[in-house]
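K.L.:
One structure, as structure tokens, below. Some questions next.
Number of protein chains: 2
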Amino acid sequence: MEIIKDPTKMQGVALSLKNQGKTIAIVPTMGFLHDGHLALVDKAKEIADIVITSLFVNPKQFAPNEDFDSYPRDFEHDQALLKAKNVDYLFAPDALDMYPIGFSTSLHISGITEVFEGTTRPTHFDGVALVVLKLLEISQCNFAIFGQKDYQQTLVVKRMIADLNLPVQMVICPIYREPSGLAMSSRNRYLTDEEKEKASIIFLALEAAKKAIAQGERKRKIINSIILSNIKTIPSIKIDYINTARAESLETPDEFFPGEEIVMLVAVYVGRTRLIDNALIKIPTAL
Amino acid sequence: MEIIKDPTKMQGVALSLKNQGKTIAIVPTMGFLHDGHLALVDKAKEIADIVITSLFVNPKQFAPNEDFDSYPRDFEHDQALLKAKNVDYLFAPDALDMYPIGFSTSLHISGITEVFEGTTRPTHFDGVALVVLKLLEISQCNFAIFGQKDYQQTLVVKRMIADLNLPVQMVICPIYREPSGLAMSSRNRYLTDEEKEKASIIFLALEAAKKAIAQGERKRKIINSIILSNIKTIPSIKIDYINTARAESLETPDEFFPGEEIVMLVAVYVGRTRLIDNALIKIPTAL
Chain V
1 MEIIKDPTKM
11 QGVALSLKNQ
21 GKTIAIVPTM
31 GFLHDGHLAL
41 VDKAKEIADI
51 VITSLFVNPK
61 QFAPNEDFDS
71 YPRDFEHDQA
81 LLKAKNVDYL
91 FAPDALDMYP
101 IGFSTSLHIS
111 GITEVFEGTT
121 RPTHFDGVAL
131 VVLKLLEISQ
141 CNFAIFGQKD
151 YQQTLVVKRM
161 IADLNLPVQM
171 VICPIYREPS
181 GLAMSSRNRY
191 LTDEEKEKAS
201 IIFLALEAAK
211 KAIAQGERKR
221 KIINSIILSN
231 IKTIPSIKID
241 YINTARAESL
251 ETPDEFFPGE
261 EIVMLVAVYV
271 GRTRLIDNAL
281 IKIPTAL
Chain W
1001 MEIIKDPTKM
1011 QGVALSLKNQ
1021 GKTIAIVPTM
1031 GFLHDGHLAL
1041 VDKAKEIADI
1051 VITSLFVNPK
1061 QFAPNEDFDS
1071 YPRDFEHDQA
1081 LLKAKNVDYL
1091 FAPDALDMYP
1101 IGFSTSLHIS
1111 GITEVFEGTT
1121 RPTHFDGVAL
1131 VVLKLLEISQ
1141 CNFAIFGQKD
1151 YQQTLVVKRM
1161 IADLNLPVQM
1171 VICPIYREPS
1181 GLAMSSRNRY
1191 LTDEEKEKAS
1201 IIFLALEAAK
1211 KAIAQGERKR
1221 KIINSIILSN
1231 IKTIPSIKID
1241 YINTARAESL
1251 ETPDEFFPGE
1261 EIVMLVAVYV
1271 GRTRLIDNAL
1281 IKIPTAL
């Protein structure tokens, strides 16, 4: 595994690999890797000749009041994990490599960025879109691998790839969970063992709603209330939002149609840590 | 010459040419081609294996009060000119091919877009940057050919290419002029013969200022006043702006340094037609 810091050098390597007919997959990460990230790497290795993992805590996707400075970092450990996975390139630029003095370009995706996570984090997705666009260009990738955990992010990136005609295929991998059901996240590092146990209710709540949907429930507010009432069994969890939406558009009709793909989206605070989770399900066409 | 309307098809063709090891140059145009455009095509043919000319009047770079609807169009004639030049592909999408229903992405380049043309046309350059980004992706080009006529546009595109790590080399060709000195432009079509003759003063004014600079003039306001006093000899011409700036940053110091590359920028109305022109010159290091 070669570690590259300079974007121009990384792109030069990628262009030369492309010229040799190799296919490239990138796994964009902010580091502090867990098994969820490594599952994305496995997927990348399965579909492409060359795997580039990027490790960059992107300042542009954090608001000033957010945890950019305290976001967990452990480069040595991340490096060892990726090396063990036989990743070909670890691309690890500094902020000034990505956003040098004079940098003047920003990106805005309207609509889909303005709801759910976008309500609480209004500049977040534009920052994500910008860094992803740069990473796709630098890596010259054929495939970009993302986790379903950041569900709304996958929609934003998909929208950007389509709108900008990027010749990249996006691959979305299922949420990777702890045995308790807690979705893996670098931010779980902020949780105490007790909080982790409490946080596992999120998955159980989503599962309960899934069961109700499988049994015929189509009313959005009832689905939401099933998730809410389950999470409320742990009174110390503070709800940011719980809602159910059409999976592609994030529209929130009162009732879903048979056959529709929907997504249940949850954001809560466990202690001071904000956690998100989601579940996709298709409304059954017949009972 | 093959005419392609569909972006996905154009990109598929381009990707397959790239896989065959061909280099590609794109000449982005809004059509109503003149010899200036054809000089860009010649340059493209000189440096790349495959030349794609795009012909797209981009609605996103016109403000509602501007001449999008009346912008001159003559597809048949353009097509014949490009065919005669042995262009490989004419990419001519419709607005809905480029911006389908649901399109949500916009781009903003700060700083350089906010002065000169940006004062009069505040949304213009973001619209230009967006369409150029899409055209670069669709064409998978190694080279993007632009004319110096739209000088500030070349700076905006250069900034975007650098900021987004696009693996594209920008090539800027000199301004192509009528025998009178009038810079060629599709908008010259709006001019009467008498207005055309009057408009040739712009070039003469820039030449007069160039001469003064070659003879030692370095004070910005004096350079501007030379251009102004020359243009004022045609009283019916209305000045939008006349200014001189550092060529790369468009900064406007009181006095330029020896050895600096500077640009003189002019925007005027001749009748109801807005014309722009410019000249690059290096401040002499010694007299």
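For the record, the sequence lines run as chains V and W. Numbered per this note's numbering, the first sequence spans residues 1 to 287. Numbered per this note's numbering, the second sequence spans residues 1001 to 1287. Every residue gets a Cβ at the ideal spot worked out from N, C-alpha and C, and that includes glycine.
Would a check of beta-carbon distances place residue 76 of chain V closer than 8 Å to chain W?
P.N.:
Judged by the 8 Å Cβ criterion, residue 76 of chain V is not in contact with chain W.
K.L.:
Give a yes or no on whether 8 Å exceeds the smallest Cβ distance from residue 103 of chain V to chain W.
P.N.:
Interface residue, yes.
K.L.:
Under 9 Å between beta-carbons, which chain V residues line up against residue 1108 of chain W? List them in chain order, please.
P.N.:
Within 9 Å Cβ-Cβ: 104, 105, 106, 107, 108.
K.L.:
Can a CB atom of chain V be found closer than 8 Å to the CB of residue 1276 of chain W?
P.N.:
Judged by the 8 Å Cβ criterion, residue 1276 of chain W is not in contact with chain V.
K.L.:
According to a CB-to-CB cut-off of less than 7 Å, which residues of the stretch 108-123 of chain V neighbour chain W?
P.N.:
The stretch 108-123 of chain V vs chain W, Cβ under 7 Å: 108, 109, 110, 111, 112.
K.L.:
Got a sec? Which residues, its chain only, sit under 7 Å from residue 1121 of chain W by beta carbon, not counting five neighbours each side?
P.N.:
Closer than 7 Å at Cβ, skipping near neighbours: 1063.
K.L.:
What did DSSP end up calling residue 234 of chain V once you bin it into helix, strand or coil?
P.N.:
Of the three classes helix, strand and coil, the one that applies to residue 234 of chain V here is coil, per DSSP.
K.L.:
Short of 7 Å in beta carbon distance, which residues of its chain neighbour residue 270 of chain V, apart from the five on each side in sequence? Order them along the chain.
P.N.:
Cβ within range, chain order: 191, 195, 198, 199, 237.
K.L.:
Suppose the cutoff is 7 Å on Cβ atoms and the five residues either side in sequence are ignored; what does the same chain contact list for residue 127 of chain V look like?
P.N.:
These residues qualify, in order along the chain: 58, 60, 61.
K.L.:
Where DSSP assigns a beta bridge to residue 292 of chain V, which residues make up the other side?
P.N.:
Because residue 292 of chain V is not part of the residues shown, which for chain V are 1 to 287, the question remains open.
K.L.:
For a contact defined as C-beta to C-beta under 8 Å, what are the partners of residue 228 of chain V on chain W?
P.N.:
Within chain W, no residue comes near residue 228 of chain V; the closest Cβ sits about 30 Å away, beyond 8 Å.
K.L.:
Does DSSP put residue 1104 of chain W in a helix, in a strand, or in coil?
P.N.:
Coil at residue 1104 of chain W, not helix or strand.
K.L.:
What are the complete beta strand (DSSP E) segments, minimum 3 residues, inside the stretch 1088-1141 of chain W?
P.N.:
The qualifying runs are 1089-1091, 1105-1109.
K.L.:
For residue 1124 of chain W, which residues in the same chain have their Cβ closer than 6 Å to its Cβ, ignoring the five residues on either side in sequence?
P.N.:
Around residue 1124 of chain W: 1061.
K.L.:
Compare the Cα-Cα distances from residue 1295 of chain W to each of W:1171, W:1072, W:1160 and report the closest residue.
P.N.:
The structure shown has nothing for residue 1295 of chain W, since chain W only spans 1001 to 1287.
K.L.:
Pairing CB atoms from the stretch 253-272 of chain V with CB atoms from the stretch 216-231 of chain V, are three or more of them under 8 Å?
P.N.:
Verdict: yes, contact present.
K.L.:
Under 8 Å, do residue 1054 of chain W and residue 1091 of chain W count as touching if we go by C-beta distance?
P.N.:
Going by C-beta atoms, residue 1054 of chain W is nearer than 8 Å to residue 1091 of chain W.
K.L.:
Along the stretch 154-166 of chain V, what residues have a CB closer than 8 Å to any CB found in chain W?
P.N.:
Hits within the stretch, in order: 159, 160, 163, 164, 165, 166.
K.L.:
Where does residue 192 of chain V fall in DSSP's three states?
P.N.:
If DSSP states are grouped into helix, strand and coil, residue 192 of chain V belongs with coil.
K.L.:
Tell me whether residue 63 of chain V sits in a helix, a strand or coil according to DSSP, three-state version.
P.N.:
If DSSP states are grouped into helix, strand and coil, residue 63 of chain V belongs with coil.
K.L.:
Just the Cα atoms here: how many angstroms apart are residue 96 of chain V and residue 7 of chain V?
P.N.:
Residue 96 of chain V and residue 7 of chain V: Cα-Cα distance of roughly 11 Å.
K.L.:
Just to confirm the assignment, what range does the alpha helix (DSSP H) spanning residue 54 of chain V have?
P.N.:
From DSSP, residue 54 of chain V is part of no alpha helix (DSSP H) but of the beta strand (DSSP E) over 50-55.
K.L.:
Please report the residue range of the beta strand (DSSP E) in which residue 275 of chain V lies.
P.N.:
Where residue 275 of chain V is concerned, the enclosing beta strand (DSSP E) stretches over 273-282.
K.L.:
Checking 8 Å against the spacing of the C-beta atoms, do residue 41 of chain V and residue 5 of chain V come in under that value?
P.N.:
No, Cβ-Cβ distance for residue 41 of chain V and residue 5 of chain V is not below 8 Å.
K.L.:
Just mark residue 1259 of chain W as buried or exposed, buried being the case when its beta carbon has 16 or more other beta carbons within 10 Å.
P.N.:
Residue 1259 of chain W comes out exposed.
K.L.:
Should residue 144 of chain V go down as buried or exposed, given a rule of 16 or more other Cβ atoms within 10 Å for buried?
P.N.:
Flag for residue 144 of chain V reads buried.
K.L.:
Can the beta-carbon of residue 275 of chain V be found closer than 8 Å to that of residue 187 of chain V?
P.N.:
Yes, Cβ-Cβ distance for residue 275 of chain V and residue 187 of chain V is below 8 Å.
K.L.:
Any chance the stretch 243-258 of chain V sits against the stretch 160-178 of chain V, with 3 or more Cβ pairs inside 8 Å?
P.N.:
In short, these stretches do not touch, since the Cβ pair count stays below three.
K.L.:
If the cut-off is 7 Å on Cβ atoms, which residues from the stretch 14-28 of chain V count as contacting chain W, listed in chain order?
P.N.:
Against chain W - using a Cβ distance shorter than 7 Å - the residues of the stretch 14-28 of chain V are 15.
K.L.:
Using a threshold of 8 Å, state whether the C-beta atoms of residue 1089 of chain W and residue 1052 of chain W are closer than that.
P.N.:
For residue 1089 of chain W and residue 1052 of chain W, yes; Cβs fall inside 8 Å.
K.L.:
Residue 1009 of chain W to residue 1019 of chain W, Cα distance in whole Å?
P.N.:
The alpha-carbon atoms of residue 1009 of chain W and residue 1019 of chain W are separated by roughly 15 Å.
K.L.:
Report buried or exposed for residue 1179 of chain W, applying the criterion of at least 16 other Cβ atoms within 10 angstroms of its Cβ.
P.N.:
Exposed: under 16 other Cβ atoms inside 10 Å.
K.L.:
Report the neighbours of residue 138 of chain V on chain W: residues whose CB is nearer than 8 Å to its CB, in chain order.
P.N.:
Here the neighbours are 1165.
K.L.:
Which residues in the same chain have their Cβ closer than 6 Å to the Cβ of residue 23 of chain V, if we skip the five residues on either side of it in sequence?
P.N.:
Correct list, in chain order: 48, 49, 142.
K.L.:
Which residues mark the beginning and the end of the alpha helix (DSSP H) in which residue 179 of chain V is found?
P.N.:
It is not in any alpha helix (DSSP H) - residue 179 of chain V carries neither H nor E in the DSSP assignment.
K.L.:
If distances are taken between C-alpha atoms only, which option among W:1140, W:1212, W:1165 comes closest to residue 1021 of chain W?
P.N.:
Among W:1140, W:1212, W:1165, the Cα nearest to that of residue 1021 of chain W is on W:1140.
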